[in-house]
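Under the UniProt record's numbering, the first residue of the sequence shown carries the number 1, and numbering increases by one thereafter.
All C-beta atoms, glycine included, are put in the ideal place defined by N, C-alpha and C.
All figures in this text were calculated on a predicted structure; none of them were measured in a lab.
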Amino acid sequence: MGASHQWSSSLQTAPIKLKSSISLTSSSNFIFYFCKRSRVNDSSTRRCAVCAHNSNLPRPKSTNSDARISKSVVLGDCQGHELVRISSTSIRRRNSVILSLVSLFDKRSLWRRIFFASKKVRSIILLNIVTIVYASSIPVVKEVEELVDPATFNAVRFAITAIPFVPLVLYKWDDVETRNAGIELGFWVSLGYLMQAFGLLTSDAGRASFISMLTVLVVPILDGVLGAVVPARTWFGVLMSVIGVAMLESSGSPPCVGDLLNFLSAIFFGVHMLRTEHISRRTEKDKLVSLLAYEVCVVSILSMLWYFIWRWIDGTETISESWNWKTYSDWVFMFPWVPALYTGLLSTGFCLWLEMGAMCDVSATETAVIYSLEPVWGGSFAWFLLGERWGLSGWIGAALVLVSW
């Protein structure tokens, strides 16, 4: 038989193509062995045998302890005659490894193609991780505000976020385009964080999570205002979300100003999401970290500004004359540093970096839809950590908000 042949094993492996001439009188089932090739130039020790299932011949063994794995598999009959040598790049280092495991972890296997070959799928997975972290930060901020006012906590939180990026900002100061884009993104996300922090003073954490989901509706609507076509399904989602939020407001504590502030934060986060998509896609990959550096530094500067404004409105001095080293040390000791590190480094700096990189491959509308799961996680964290409970109308309203998309 001079033509090429294609054999396949009974295991979950790719077909094996043989391009050499092989003469076979009948169909045979084969067992494939990976053997070790000795450094000694001896054909008997270099051969990797393939024996029939009904054969009683023992499996060939290598006689050299310093043998190494062959880069090819030799197909032979039960008498030890070599028929053809098959090149292989997926040979395992243990004789007991079967081909099904080799196929599972082969570089062309299906699960590796799904999770690692597609940039968009990888970005969607990262955005889901960001959603969980964002949702977990809401009850953390809510609980911390029982100890520290939001202006002080945000000033420390965002200062922690910005400190690692200050050298990069100074190094890339001459890049005007990246600097202006980072300042814009920092402004929008700062407004979102500010409204969220002050809104949580009077609003429930679980309810704030669901109100923040209105970003899912704000993004496509704003996209439509800018010229995109808004489908009828989006308007249906708007209606369902409005009804759901109204029912959510009727459950638990009465409506408050904090709910309005949380709604404003959803709008600002939506604008930030749209601008992030637009800016990240026209920014070179090696400049994304610099863009993030400008963004978080702007957030830190504005949070410090809001700290002084808050102190002025509250009628308290930023540094009282009664402060001394003991007072300062007590304040440092009592400050909730663990929540500040968590919300500053993880839920702000790290998540903004993941979001910026992922939105190079995922649109703002798709990102907003992924973020629609944030209320589910946020409500779960609030139920588990803070003990918040809703009535029947609250759960129905939350379900309407979820099914709106």
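Are the Cβ atoms of V218 and A266 separated by less than 8 Å? In the sequence shown, the residue the question calls residue 218 occupies position 218. In the sequence shown, the residue the question calls residue 266 occupies position 266. Yes, the pair counts as a contact, with Cβ atoms nearer than the cut-off.
What do you reckon, are the CB atoms on G258 and T202 nearer than 8 Å? As a first step, residue 258 must be located in the sequence shown, where it is residue number 258. As a first step, residue 202 must be located in the sequence shown, where it is residue number 202. Yes. Within cutoff.
By the 10 Å Cβ neighbour count, where 16 or more other Cβ atoms means buried, how is T327 classified, buried or exposed? As a first step, residue 327 is located in the sequence shown; it is residue number 327 there, counting from the start. So T327 ends up on the exposed side.
For L200, I'd like the list of residues in its chain whose CB is within less than 8 Å of its CB, leaving aside the five on either flank, ordered along the chain. Sequence index remark: in the sequence shown, residue 200 carries index 200 (1-based). For L200, where only same-chain residues beyond five positions count, the Cβ hits under 8 Å are I138, V141, K142, E145, P150, A208, G258, N262.
Less than 8 Å between the C-beta atoms of L126 and L354, yes or no? Position 126 of the sequence shown holds residue 126. Position 354 of the sequence shown holds residue 354. Contact flag set, yes.
Can you list, in chain order, the residues of its chain whose CB lies under 6 Å from that of C351, leaving out five sequence neighbours each side? Stepping through the sequence shown from its first residue, residue 351 is reached at position 351. Once the five neighbours on either side are set aside, the close Cβ partners of C351 are V130, V133.
Note down the Cα distance separating L288 from D314, rounded to an integer number of angstroms. Within the sequence shown, the letter at position 288 stands for residue 288. Within the sequence shown, the letter at position 314 stands for residue 314. Their backbone Cα atoms lie some 38 Å apart in a straight line.
Beta-carbon contacts of G344 that lie in its chain and below 6 Å, excluding the five residues immediately before and after: The residue labelled residue 344 in the question sits at position 344 within the sequence shown. For G344, same chain residues with a beta-carbon under 6 Å away, outside a window of 5 residues either side, are R157, I160, T161 in chain order.
Along the alpha helix (DSSP H) that carries residue 407, what are the first and last residues, could you check? For residue 407 there is no data in the structure shown, the boundaries of the chain being 1 and 405.
Backbone CA spacing between S372 and M213 [nearest angstrom]: The residue you call residue 372 lines up with position 372 of the sequence shown. The residue you call residue 213 lines up with position 213 of the sequence shown. Using only the alpha carbons, I get a separation of about 6 Å.
Ignoring anything shorter than 4 residues or poking outside the UniProt domain "EamA" (258–404), list the alpha helix (DSSP H) runs there in chain order. 288–314, 325–334, 337–341, 351–358, 364–370, 374–381, 392–403
Contacting residues, own chain, Cβ-Cβ under 6 Å from T348 (five flanking each side not counted): Counted from its first residue, the sequence shown places residue 348 at position 348. The residues T161, in chain order, have a CB closer than 6 Å to that of T348 in the same chain once the five nearest residues on each side in sequence are set aside.
Tell me whether P220 sits in a helix, a strand or coil according to DSSP, three-state version. Working through the sequence shown from its first residue, we reach residue 220 at position 220. Helix at P220.
For the alpha helix (DSSP H) containing V169, list its first residue and its last residue. Reading the sequence shown from its first residue, position 169 is the one you call residue 169. Where V169 is concerned, the enclosing alpha helix (DSSP H) stretches over 166–171.
Would you mind sorting L274 into buried or exposed? The rule is 16 or more other CB atoms within 10 Å of its CB. Position 274 of the sequence shown holds residue 274. Counting Cβ neighbours within 10 Å, L274 comes out buried, since at least 16 surround it.
Assigned exposure category for I370 - 16 Cβ within 10 Å defines buried: Here residue 370 refers to the residue found at position 370 when the sequence shown is read from its first residue. Buried, by the Cβ-count rule.
How many angstroms separate the CA atom of S123 from the CA atom of N324? On the sequence shown, residue 123 is found 123 positions in, with the first residue counted as 1. On the sequence shown, residue 324 is found 324 positions in, with the first residue counted as 1. The alpha-carbon atoms of S123 and N324 are separated by roughly 50 Å.
Less than 8 Å separating the beta-carbons of A364 and F165? As a first step, residue 364 must be located in the sequence shown, where it is residue number 364. As a first step, residue 165 must be located in the sequence shown, where it is residue number 165. The answer is no: Cβ separation not under 8 Å.
If you drop the 5 nearest sequence neighbours on each side, which residues of the same chain put their C-beta closer than 6 Å to that of F153? Locating residue 153 in the sequence shown gives position 153, where the first residue counts as 1. Around F153: V144.
My understanding is that G244 touches G397, with C-beta atoms under 8 Å, so please give their C-beta distance in whole angstroms. Position 244 of the sequence shown holds residue 244. Position 397 of the sequence shown holds residue 397. Right, the Cβ-Cβ distance comes to about 4 Å (below 8 Å), so this counts as a contact.
Since I279 contacts A181 with CB under 8 Å, what's their CB separation in whole angstroms? For the purposes of this step, residue 279 is identified with residue 279 of the sequence shown, where counting begins at 1. For the purposes of this step, residue 181 is identified with residue 181 of the sequence shown, where counting begins at 1. I279 to A181, Cβ: 5 Å. Contact.
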